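Reading the sequence shown from the start, the letters are residues -22 to -1, 1 to 308 in mature numbering (1 follows the signal peptide of the UniProt record, and there is no 0).
For every residue, glycine included, the Cβ atom is placed at its ideal position computed from N, Cα and C.
Values in this document were obtained by computation on a predicted structure and should not be read as measured data.
To start, the structure itself, in structure tokens.
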Amino acid sequence: MAFPLLLILLLSSLSSIPFSESALTLNYYAKSCPEFDEIMQGIITTKQMTNPTTAAATLRLFFHDCMVDGCDASVLISSNFVNQAERDTDINQSLSGDAFDLIVRAKTALELACPGIVSCADILSLSTRDLVTMVGGPYYKVRLGRKDGLVSMASRVEGNLARSNTSMDKMITMFQTKGFSLQEMVALVGGGHSIGFAHCKEFSNRIFGFSKTSEVDPELNPKFADGLRKLCANYTTNPAMAAFLDVMTPGKFDNMFFQNLQRGLGLLSSDLAFVAHPRTRPLVEKYARDQAVFFNDFAHAMEKLSVYGVKTGRKGEVRHKCDAFNSIKA
């Protein structure tokens, strides 16, 4: 009786895994593209060493891809005369060119070695993991075998990506509808804000004309606010002006972002909401105290995010170029 019972339990557990996820494997390209790992490692390392902001840029690009219709490289598609793609919606126009350049370089090299085999979605997913670990973050498993999506529409972006002033309740709902818990949301967003930057226009409301009684958001550390005001003084004429999301260790993936929030060093209104909201504050405090716990939760959340909404089989394709479908689509 023990063997049939074990078999039933095994089949039951397998049936709970979506087919698209179960089709992914850790060594998907071992036979079809043996040079995959070596090529990826070389491209990623060279790009990050040359442009240190690549890690933050790629992590953000990955989030913006996965949160809209899943991790299918739809954010990489360029608009054409029949379609306005995701990357051209307003919230995506600040995505850094370094991340796009990395994916193009990797795809070009892989097409020479094993044409038509490696998807852009897999390139983006693996690049993100490797770059996070390069700047001090945790290692996590990335299963491969994703296909590239067949749809990329600007109209599908709104409501799927949090803006700098999105309320915490709305953000929680946004993640919950995609199957992510409160803990996973805080770990993912905190990880994304551990490295990278935000343009001055995204937090200008906190440092210029905040209210009738205060020019600056009183929740901001006064010295921090003064520094931001000087940095962003001409942001209306120079929209490229930006500040690090983690002012203490901007190039290192760690738990400093959560410690900063407790000191009034959170840059965005949505950052303030993490420490102000009663549901998220305990998680901020926990991650600020214990980096190992944060790393563990972030790694598990990233593994889950990396297989969210993946396309396999005929639901996708392996693009010849990452910024264009293999055939024009309306």
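- Note that the stretch 37 to 51 touches the stretch 268 to 287; at least 3 beta-carbon pairs, one per stretch, sit closer than 8 Å.
- Residues Ala77, Leu80, Ser105, Thr106, Leu109 of the same chain have their beta carbon placed closer than 7 Å to that of threonine 36, with the five preceding and five following residues left out of the count.
- The Cβ atoms of glycine 127 and glycine 291 lie no closer than 9 Å to each other.
- Here glutamine 26 is buried, its C-beta having at least 16 other C-beta atoms within 10 Å.
- Contact check for leucine 246 against glutamate 197 fails: the beta carbons are separated by 9 Å or more.
- Setting aside the 5 residues that flank it on each side, aspartate 100 is surrounded in the same chain by Leu122, Arg124, each with a C-beta closer than 6 Å to its C-beta; the list follows chain order.
- Within the DSSP bridge table, the entry for histidine 255 names no partner.
- By a beta-carbon distance limit of 8 Å, glycine 242 contacts asparagine 199. Their separation comes to about 4 Å.
- By the Cβ neighbour-count rule, phenylalanine 175 is buried, with 16 or more other Cβ atoms within 10 Å of its own.
- By the criterion of a C-beta distance shorter than 7 Å, lysine 264 is surrounded in its chain by Val271, once the five residues flanking it on both sides are discounted.
- Inter-residue distance for lysine 9 and leucine 160 is about 39 Å (C-alpha atoms, whole angstroms).
- Per the coordinates, the alpha-carbon of glutamate 193 lies some 13 Å from the alpha-carbon of phenylalanine 181.
- If you ignore the 5 residues before and after arginine 259, its C-beta comes within less than 8 Å of the C-beta of Phe252, Val253, all in its own chain and listed in chain order.
- In the structure shown, threonine 3 falls within a strand segment according to DSSP collapsed to helix, strand and coil.
- Unbroken beta strand (DSSP E) runs of no fewer than 3 residues, entirely contained in the stretch 114 to 180, are found at 175 to 177, following chain order.
- Contact check for phenylalanine 276 against glycine 168 passes: the beta carbons are separated by less than 9 Å.
- Phenylalanine 222: member of the beta strand (DSSP E) spanning 220 to 222, first to last residue.
- Look at asparagine 58 here: in three-state DSSP terms it is strand.
- Our two residues, proline 93 and glutamate 13, have alpha carbons roughly 12 Å apart in a direct line.
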